[in-house]
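Q: A single structure is presented below for examination.
Protein chains in written order, with this note's numbering: chain A, 318 to 672; chain B, 478 to 786.
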């Protein structure tokens with residue numbers, strides 16, 4: 318009798334490291350393709366249209382980057398917390414608080430010169446998100462309150478708060494009832510590259526990724542984060558202040574998510590509105606996880622996720638519902654999660670004597 | 478006059494709380510066994526659309542509810558397989574399930590968007606009890622699902638605290654290694670609880686599309702799945718508290734409409750924040766008082782690996 322047995326891998330070859338994820342993604346496409354086929358759509362054409370929608374022209378590529386920027390930033394934000402095993406799934410709320418704070422600056426100080434205004438908005442965005450990260454960080458660091466749940470709950474508080482503002486006191490009287498604030502003054506617009514919608518946020522994301530890489534790799538503090546992430550007790554024995562580091566990491570993580578919000582209102586919407594994020598903060602969790610928390614991989618994975626979003630918009634015009642993208646995204650994740658298992662374990666067939 | 482308004486509000490609160498109660502009971506069971514499933518929102522959406530489609534096709538809402546439960550259980554099976562057999566990351570898998578469920582339900586329901594249900598669920602007044610002034614109207618003149626939710630919560634409590642099964646489930650969530658040592662199959666218990674959890678979420682979703690709305694709209698759960706996750710903590714993993722909690726959260730939802738009718742000027746957005754703020758507050762108070770994870774199952778979201786004992 319032959320029986321399958323799971324054995325933990327002692328080492329991994331590069332071919333396994335690359336082969337398993339690639340195969341997982343292919344499988345996800347096969348499964349979604351089958352689903353499309355049985356629903357009466359041509360899977361090959363759909364995927365081709367998605368690809369063209371995301372990469373088919375310079376405009377398409379620019380749009381892909383535009384969607385990737387917030388994913389890069391928010392992905393970097395949560396990755397820092399994840400390194401300390403802090404499950405910050407509150408990037409969405411931190412993003413909204415950052416957008417709120419930056420919008421407040423833009424709407425009250427619109428007369429300032431552009432660079433000063435943008436700097437103030439940037440700081441406000443960071444602060445808005447940082448406060449939203451500080452709350453769960455403090456509760457976790459000093460009172461051991463589960464941060465997963467607090468960050469999750471605070472998302473909805475932040476989204477409701479922005480909803481209150483744009484439906485209520487901040488609503489533009491000239492918006493004909495639409496829940497939007499007035500448009501920011503031109504000085505509050507983030508500079509763009511050429512005629513495209515790609516804005517300075519791209520550069521900010523790359524710089525932050527670079528800083529992360531250097532700090533985590535070479536600084537003493539980066540080392541502390543690593544130790545705390547691996548064992549809080551070991552860190553305490555070594556004389557590190559775990560609670561303070563937890564709070565600090567959550568402030569920075571929230572702050573960067575807040576910058577994401579600032580960049581979206583300043584670079585894309587030019588006003589505060591309720592749907593500034595179609596769930597970037599949640600997708601960021603997945604982006605960071607897929608990239609194994611590595612800063613440069615996050616940039617790359619976010620780009621691919623941006624392509625998936627933009628490609629999905631592309632197929633809509635051909636009568637294929639946008640929801641197919643979410644299905645595809647979900648199944649890619651499932652298969653990658655399953656593939657993760659193959660990275661950790663080896664399945665071997667063992668012959669068993671029949672008694 | 479005021480009494481009538483309050484009675485109407487409380488009646489609406491129970492109806493609004495029922496879908497949350499179903500979903501929360503399911504999540505509660507899964508979490509008790511140590512599996513955190515953040516895919517409630519997705520499972521509810523799948524249940525909502527599948528329940529609606531089956532009701533339209535068969536003309537009988539009971540088939541709809543049954544199909545919704547099966548589909549909810551099937552989606553939960555994906556999460557169970559990844560988190561139990563493959564020992565994958567439960568937070569990521571749960572979020573993936575929410576994304577997947579949102580997409581799948583939108584895709585399946587495209588052709589049914591906005592149609593009315595073919596078999597409306599009608600209220601059943603409970604004899605005698607429904608004749609009690611005011612209280613009878615609030616509690617005993619509802620659709621059958623409201624009663625089922627209430628009864629299920631009590632059954633869940635009885636099973637969990639008064640049977641050997643319940644003891645096993647709690648043992649697996651608290652200390653899987655010890656449970657394993659006395660011969661309980663950790664993965665079997667976890668699979669069972671996660672799948673039942675998904676079925677309950679599916680039922681909650683179908684309640685929205687078949688009773689509450691009653692029609693299918695894309696994304697119609699509108700965050701109720703997350704409220705259910707919050708409610709589990711709010712209820713401190715106790716099914717009986719989940720009843721009170723779900724009706725309380727339902728009251729908040731009912732008030733967002735109710736207050737405007739009565740003419741009280743408070744932004745509905747502040748009311749929407751309340752369940753989440755309450756939950757954080759409860760979590761903080763209990764954590765500080767108990768100096769541990771607020772009565773959460775100790776092995777929550779930790780995969781069990783025999784070799785790592």
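Even for Gly, the Cβ is constructed at its ideal location relative to N, Cα and C.
Please read all numbers here as calculations on a predicted model, not as lab measurements.
1) Measuring alpha carbon to alpha carbon, tell me which of A:607, A:664 and A:572 ends up nearest residue 413 of chain A.
2) From which residue to which residue does the beta strand (DSSP E) around residue 429 of chain A run?
3) By DSSP's criteria, residue 538 of chain B is part of a beta bridge. Which residues make up the other side?
4) What is the rounded straight-line gap between the Cα of residue 525 of chain A and the Cα of residue 439 of chain A?
5) Measuring CB to CB, does residue 663 of chain A end up less than 8 Å from residue 326 of chain A?
6) Output, in chain order, the set of chain B residues within a Cβ distance shorter than 7 Å of residue 338 of chain A.
7) Could you tell me whether the Cβ atoms of residue 458 of chain A and residue 347 of chain A are closer together than 8 Å?
8) Pull up the distance between the alpha-carbon of residue 628 of chain B and that of residue 479 of chain A, whole angstroms please.
9) Please look up how many angstroms separate the CB atoms of residue 429 of chain A and residue 570 of chain B, rounded, as I've assumed it's under 8 Å.
10) Near residue 340 of chain A, what residues of its chain come up, given a Cβ to Cβ distance below 8 Å and the 5 sequence neighbours on each side ignored?
11) For the region 559-582 of chain A, which residues have a beta carbon sitting closer than 7 Å to at least one beta carbon of chain B?
12) If the cut is a Cβ gap below 7 Å, which residues of chain B does residue 480 of chain A touch?
13) What's the gap between the Cα of residue 770 of chain B and the Cα of residue 491 of chain A?
14) Is the region 440-455 of chain A close to the region 504-523 of chain A, with three or more CB pairs under 8 Å?
15) Determine, using beta carbons only, whether residue 569 of chain B comes closer than 8 Å to chain A.
16) Quick one, which of B:707, B:589, B:714 and B:710 has its alpha-carbon nearest residue 637 of chain B's?
17) Report the rounded CA-to-CA distance for residue 416 of chain A versus residue 575 of chain B, giving the unit in angstroms.
18) Inspect the CB distances between the region 503-523 of chain B and the region 667-679 of chain B and report whether three or more fall short of 8 Å.
19) Assuming residue 748 of chain B contacts residue 729 of chain B (C-beta within less than 8 Å), just tell me the rounded distance between them.
20) How long is the line joining the alpha carbons of residue 658 of chain B and residue 727 of chain B, rounded to whole angstroms?
21) Could you work out which residues of chain B lie near residue 657 of chain A, taking near to mean beta carbons separated by less than 7 Å?
22) Determine the closest residue to residue 733 of chain B out of B:773, B:548 and B:489, with distance taken between C-alpha atoms.
23) Grouping DSSP H, G and I as helix and E and B as strand, with all else coil, what is residue 668 of chain A?
24) Which complete alpha helix (DSSP H) runs does the region 664-726 of chain B hold, if anything under 4 residues is left out?
25) Name the residues in the region 749-767 of chain B whose C-beta lies less than 7 Å from a C-beta of chain A; which are they?
26) Can you tell me the Cα-Cα spacing of residue 502 of chain A and residue 579 of chain A, whole angstroms?
27) Considering just the uninterrupted stretch of the alpha helix (DSSP H) at residue 406 of chain A, what are its terminal residues?
28) Which full runs of the alpha helix (DSSP H) of 4+ residues lie inside the region 493-551 of chain B, going along the chain?
29) Give a yes or no on whether 8 Å exceeds the smallest Cβ distance from residue 473 of chain A to chain B.
30) So what does residue 323 of chain A bridge to, in DSSP terms?
31) Are residue 544 of chain B and residue 527 of chain B close, meaning C-beta to C-beta below 8 Å?
32) Taking 8 Å as the cut-off, decide whether the C-beta atoms of residue 399 of chain A and residue 610 of chain A are in contact.
33) Evaluate residue 634 of chain A with the Cβ neighbour count: other Cβ atoms within 10 Å of its Cβ, from every protein chain shown; 16 or more gives buried, anything less gives exposed.
34) Would you call the CB atoms of residue 593 of chain A and residue 586 of chain A closer than 8 Å?
35) For residue 660 of chain B, count neighbouring Cβ atoms within 10 angstroms of its own Cβ and tell me buried if that reaches 16, exposed if not.
A: This is what the structure holds:
1) Numbered from 1 along the first chain, position 96 holds the residue referred to as residue 413 of chain A. Checking every option, the nearest Cα to that of residue 413 of chain A belongs to A:572.
2) As a working mapping, residue 429 of chain A is identified with position 112 in the first chain. From DSSP, residue 429 of chain A is part of no beta strand (DSSP E); its letter is neither H nor E.
3) The sequence position of residue 538 of chain B within the second chain is 61, counting from 1. DSSP lists no partner for residue 538 of chain B.
4) Indexing the first chain from 1 puts residue 525 of chain A at position 208. Indexing the first chain from 1 puts residue 439 of chain A at position 122. Answer to the nearest angstrom: the Cα atoms are 13 Å apart.
5) Within the first chain, the letter at position 346 stands for residue 663 of chain A. Within the first chain, the letter at position 9 stands for residue 326 of chain A. Their beta carbons are under 8 Å apart, which means residue 663 of chain A touches residue 326 of chain A by this criterion.
6) One-based indexing of the first chain puts residue 338 of chain A at position 21. Within 7 Å Cβ-Cβ: nothing; residue 338 of chain A doesn't reach chain B, min ~14 Å.
7) Counting from one through the first chain, the residue named residue 458 of chain A turns up at place 141. Counting from one through the first chain, the residue named residue 347 of chain A turns up at place 30. The answer is no: Cβ separation not under 8 Å.
8) Walking along the second chain from the start, residue 628 of chain B turns up at place 151. Walking along the first chain from the start, residue 479 of chain A turns up at place 162. Cα-Cα distance, rounded: 39 Å.
9) By one-based count along the first chain, residue 429 of chain A stands at place 112. By one-based count along the second chain, residue 570 of chain B stands at place 93. Actually they do not touch by this definition, with Cβ atoms about 47 Å apart.
10) Within the first chain, numbered from 1, the residue matching residue 340 of chain A stands at position 23. Closer than 8 Å at the Cβ level, and outside the excluded window around residue 340 of chain A, lie 656.
11) none
12) Position 163 of the first chain, counted from the first residue, corresponds to residue 480 of chain A. Result: 746.
13) Position 293 of the second chain holds residue 770 of chain B. Position 174 of the first chain holds residue 491 of chain A. At residue 770 of chain B the pLDDT is 49, less than 50, meaning the model places this residue with poor confidence; the figure from the coordinates comes in the next sentence. Going by the C-alpha atoms only, they are around 50 Å apart.
14) no
15) Your numbering for residue 569 of chain B matches position 92 in the second chain. It does: the Cβ of residue 569 of chain B has a partner Cβ on chain A nearer than 8 Å.
16) As a working mapping, residue 637 of chain B is identified with position 160 in the second chain. Comparing Cα positions, the closest option is B:714.
17) To locate residue 416 of chain A, count along the first chain from 1; it is residue 99. To locate residue 575 of chain B, count along the second chain from 1; it is residue 98. Cα to Cα, residue 416 of chain A sits roughly 25 Å from residue 575 of chain B.
18) yes
19) The residue given as residue 748 of chain B occupies position 271 in the second chain. The residue given as residue 729 of chain B occupies position 252 in the second chain. That pair is a contact at about 6 Å.
20) Working through the second chain from its first residue, we reach residue 658 of chain B at position 181. Working through the second chain from its first residue, we reach residue 727 of chain B at position 250. For residue 658 of chain B and residue 727 of chain B, the distance between alpha carbons rounds to 42 Å.
21) Sequence index remark: in the first chain, residue 657 of chain A carries index 340 (1-based). Here the neighbours are 565.
22) Walking along the second chain from the start, residue 733 of chain B turns up at place 256. The candidate whose alpha carbon is nearest that of residue 733 of chain B is B:489.
23) As a working note, residue 668 of chain A is residue 351 in the first chain. Strand.
24) 701-711
25) 749, 750, 753, 754, 756, 757, 760, 761, 764 and 765
26) As a first step, residue 502 of chain A must be located in the first chain, where it is residue number 185. As a first step, residue 579 of chain A must be located in the first chain, where it is residue number 262. Taking the straight line joining both Cα atoms gives about 15 Å.
27) If you number the first chain from 1, residue 406 of chain A lands on position 89. It is not in any alpha helix (DSSP H) - residue 406 of chain A carries neither H nor E in the DSSP assignment.
28) 517-535
29) As a first step, residue 473 of chain A must be located in the first chain, where it is residue number 156. Judged by the 8 Å Cβ criterion, residue 473 of chain A is in contact with chain B.
30) If you number the first chain from 1, residue 323 of chain A lands on position 6. Bridge partners of residue 323 of chain A: A:664.
31) Here the question's residue 544 of chain B lines up with position 67 in the second chain. Here the question's residue 527 of chain B lines up with position 50 in the second chain. Contact: yes.
32) As a position in the first chain, residue 399 of chain A is number 82, starting the count at 1. As a position in the first chain, residue 610 of chain A is number 293, starting the count at 1. Yes, these two residues count as a Cβ contact at 8 Å.
33) Here residue 634 of chain A refers to the residue found at position 317 of the first chain. Burial call: exposed.
34) Your numbering for residue 593 of chain A matches position 276 in the first chain. Your numbering for residue 586 of chain A matches position 269 in the first chain. A contact, by the Cβ cut-off of 8 Å.
35) As a first step, residue 660 of chain B must be located in the second chain, where it is residue number 183. Exposed, by the Cβ-count rule.
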